[in-house]
Amino acid sequence: MNVPLHKLCPAARETDHALAKMDDRIDWLGRVMPSNLDDVKEGFWANGFTHMPDYTYEHDADDLEGIRSELFALPVRDIEDDLIRSLLQEKQREVDRQIELVRMRDTDGFILASIDLFGAVSEQLLHDAHEVLEKTPDLPQAERGSGADEIIAAGKRDMEYYRSVDPRFDYAVVANPMPGTSLFTAEGNFNVATDYKTAPSRIEPLINHEIGTHSVTHFNGSHQPLHVLRTGLVDYDALQEGLAVFAEYLCGHLPAARLRLLAARVVAAHMAVSGKQGAEIFACLHEQHGLPKGRAFAVLARSKRGGGLTKDAVYLAGLIELLAWLENGGEIERLFIGKFAMKQLPALTKLLDRGLLVPPVILPRYLDNEEARVRLENARSLPVWELYQETDTT
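Numbering (the numbering used here), first residue to last: 512 to 905.
(1) Going along the chain, which residues of its own chain have a beta-carbon closer than 7 Å to the beta-carbon of PHE560, five neighbours each way excluded?
(2) Contact between the segment 614-630 and the segment 816-825: three or more CB pairs below 8 Å?
(3) Tell me THR709's beta-bridge partners as DSSP assigns them.
(4) Alpha carbon to alpha carbon, how far is GLN751 from ALA659? Give it in angstroms, no decimals.
(5) Do HIS764 and PRO716 count as a contact pair if the criterion is CB distance below 8 Å?
(6) Kindly give me the distance between the Cβ atoms of ASP617 and GLY817, rounded to whole angstroms, as I take these residues to be in contact under 8 Å.
(7) Just to confirm, are VAL613 and VAL543 a CB contact at a threshold of 8 Å?
(8) Please classify HIS734: is it buried, with 16 or more other beta-carbons within 10 angstroms of its beta-carbon, or exposed?
(9) For the candidate residues ALA779, LYS667 and THR860, whose alpha-carbon lies nearest to that of ASN719?
(10) Grab me the residues of LEU516's own chain with a C-beta within less than 8 Å of its C-beta, minus the 5 sequence neighbours each way, in chain order.
(11) Should ILE843 and PHE730 be called a contact, given that it needs their Cβ atoms to be closer than 8 Å?
(12) Decide if THR860 is buried, meaning its Cβ has at least 16 other Cβ atoms within 10 Å, or exposed.
(13) Taking 8 Å as the threshold (C-beta atoms), are ILE590 and ALA531 in contact?
(14) Would you kindly work out how many angstroms separate the C-alpha atoms of GLU881 and LEU650, rounded to a whole number?
(15) Please name the residue or residues paired with ASN702 in a DSSP beta bridge.
(16) Taking just the CA atoms, how far does TYR899 sit from THR905?
(17) Any chance you could list the alpha helix (DSSP H) runs of at least 4 consecutive residues sitting entirely within the segment 775-845, in chain order?
(18) Which first and last residues belong to the alpha helix (DSSP H) in which ALA531 is found?
(19) Is it right to say PRO894 is buried, meaning 16 or more other beta carbons lie within 10 angstroms of its own, or is it exposed?
(20) With a threshold of 8 Å on Cβ separation, who are the neighbours of ILE537 within its own chain once the five nearest residues in sequence on each side are excluded?
(21) Do you know how far the Cα of GLY753 is from the Cα of HIS641?
(22) Between SER625, CYS520 and LEU761, which has its C-alpha nearest ALA890's C-alpha?
(23) By the DSSP assignment, the alpha helix (DSSP H) with LYS602 in it spans what residues?
(24) Using the Cα positions of VAL756 and LEU770, report the straight-line distance between them to the nearest angstrom.
(25) Could you check whether GLY656 and PRO586 sit closer than 8 Å to each other, using their CB atoms as the reference points?
(26) Is the segment 561-575 in contact with the segment 545-553, if contact means three or more CB pairs nearer than 8 Å?
(27) Please state if the CB of LEU820 and the CB of ALA807 are separated by a distance shorter than 8 Å.
(28) Under 8 Å, do ALA767 and ALA828 count as touching if we go by C-beta distance?
(29) Would ASP535 and THR742 be called neighbours here (beta carbons separated by less than 8 Å)?
(30) Using a Cβ-Cβ cutoff of less than 7 Å, which residues in the same chain neighbour ALA852 once the five nearest sequence positions on both sides are dropped?
(31) If distances are taken between C-alpha atoms only, which option among GLU654, GLY723 and ILE622 comes closest to TYR673?
(32) So, at 8 Å on beta carbons, what are the nonlocal neighbours of LEU637 in its own chain, with the 5 sequence-adjacent residues on each side left out?
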C-alpha cells in the first residue's frame, strides 16, 4: 500500500512530480546517442583504425532552455521536510547538469559537463579496472547462438511473472529495429535490438539485469510517494548498474569477458575525457588489453559519445561499491525501493522509518532462488576481479 500523498506538503508534491517528468523530457542519453554509428564503424574499419569519423546527432536541444526556466521556478525552498527538501534540491541541480550536458554536446565543453554530471574516473577506480584486466582471465566466450526472438520471448515470460505478482506491472518488451543498440530498459520497458545475439546461457542473466533490476526498481519507485525514485535520485546510475551486473552473477552466468568489458569501459572513459583520440583508445583496448576488434570498437564508441562521456565508468564503480556494502552485512532487498545512490540510503531509511516511503512492492524473481542466495552469501567475501563464472552454473 502506498503512503498517502497528504503526508507530503504541497510544495514537495509539486516539485517531485515536475522533476520526475523533466527527466523523461530531457532524455539526455537519447540526445547524445549518435545516429550514424554504422557509418562511423565502417569508416573506421576502412581507414585501418587510424581515424574515427565524426558523429552526427538527430535530436536538437531547442527546448531545453524552456525546461530550465520551469526547473528553477519550482517551489523547492518551500518544502517543509528537511530530508525531502535536500533530496529534491539535489535532483533539481542534477537536472540542470543534464540540460548543460546536452547543450554542450559535440563542443569542447562537453567533457567538463560530463565530469560535472557523472564525476571523473578516480585514480582508485582506474587502478581497480586495471586490476580486473590483469587478474580476471581472458577466457573463451560461448557462441552467440541466440537471437532477438528468443530474448524477446524470455522477456515476455518474465513480464508475465511480475504481472502475476502485481497486475499493475504493465511494462512491455519492445523489438528495437535500430542496429547496434543492444539491450536497454526505458520507462520500465525492455528494448531488444533486432540484430542482437548472445549465448543461450546469457539470456536469463541479461533479462534479470534489465527487467529484474531496471524495470523492478522503476515499478517500485513509481509506487513511492516520491516519484523521483521512479526516474532516479541524483547519481543513481552507479548503484543501478552495479545491482544489474550483480544480478547476472546471482543468476549463474557472469562471464569473465563481461567483467573485463566493464573494466575496459573505465579505461576508455578515462582516456576519452583525457583528450585521447579514437585510434589511441582502440589500440589500447585491442592491442594492450586483448579485446576483440568488434568489442573494442563498441567500448570506444560509447566513450566518445557527445565528445567524451564518463557514464560508462559507473558500471564497475557501482559493482565495487555494492560488494563493499554487502561485505559489511548489507541487506540487498532494501536496494529495490527505487532508483537512488548508495549515499542516499541513510536518508531514505529514515523516511521509511517515518512512513514517508514504503518497502519494495515487488522483488526480483531470482531472490527466491536458493542457488542465487548461496551465490549472494559467497559474494560478500569476493574481490571484484573474482566475481565471474567460467561456465554457465544455472
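Note that CB positions come from ideal geometry on N, CA and C, so glycine has one too.
On a predicted model such as this, the values are computed, not experimentally measured, just so you know.
Walking through what the data contain:
(1) Excluding residues within five positions, the ones whose Cβ falls inside 7 Å are ALA790 and PHE793.
(2) These segments touch.
(3) SER657.
(4) Roughly 24 Å separates the two Cα atoms.
(5) Yes; because the gap between Cβ atoms is below 8 Å, this pair is in contact.
(6) In this structure ASP617 is in contact with GLY817, their Cβ atoms being roughly 6 Å apart against a cut-off of 8 Å.
(7) Cβ atoms of VAL613 and VAL543: closer than 8 Å.
(8) So HIS734 ends up on the buried side.
(9) Comparing Cα positions, the closest option is LYS667.
(10) Reliability fails at LEU516, whose pLDDT of 49 lies under 50, so the model's placement of it is uncertain and no value is given.
(11) Taking a C-beta distance under 8 Å as the contact criterion, ILE843 and PHE730 do not qualify as a contact pair.
(12) THR860 is exposed by the Cβ-count criterion.
(13) It is not a contact, given that the beta carbons lie outside the stated cut-off.
(14) For the pair GLU881 and LEU650, the Cα-to-Cα distance works out to about 27 Å.
(15) Looking at the DSSP output, ASN702 bridges to VAL685 and PHE695.
(16) Residue confidence is low: THR905 scores 48 on pLDDT, short of 50, so the model does not pin down where it sits. Its coordinate-derived value is still stated next. Taking the straight line joining both Cα atoms gives about 13 Å.
(17) Whole alpha helix (DSSP H) segments, 4+ residues: 789-794, 804-814 and 825-838.
(18) Element bounds for ALA531: 521-537.
(19) Classified as exposed, PRO894 has fewer than 16 neighbouring CB atoms from the shown chains inside 10 Å of its CB.
(20) Result list for ILE537: LEU575, ILE578, VAL606, GLN609, ILE610 and VAL613, in chain order.
(21) The alpha-carbon atoms of HIS641 and GLY753 are separated by roughly 18 Å.
(22) Closest in C-alpha terms to ALA890, from the list SER625, CYS520 and LEU761, comes LEU761.
(23) Taken as a continuous stretch (DSSP letters only), the alpha helix (DSSP H) holding LYS602 covers 593-614.
(24) About 9 Å.
(25) No. Outside cutoff.
(26) For the pair of segments examined, the segment 561-575 was found to touch the segment 545-553: the number of CB pairs separated by less than 8 Å reaches three.
(27) With a cutoff of 8 Å on beta-carbon distance, ALA807 and LEU820 are scored as not near each other.
(28) No Cβ-Cβ contact shorter than 8 Å links ALA767 with ALA828.
(29) The answer is yes: Cβ separation under 8 Å.
(30) Counting only Cβ-Cβ distances below 7 Å, and skipping sequence neighbours, we find LEU744, VAL745, ASP746, TYR747, ALA749 and LEU750.
(31) It is GLY723.
(32) Around LEU637: VAL777, VAL778 and HIS781.
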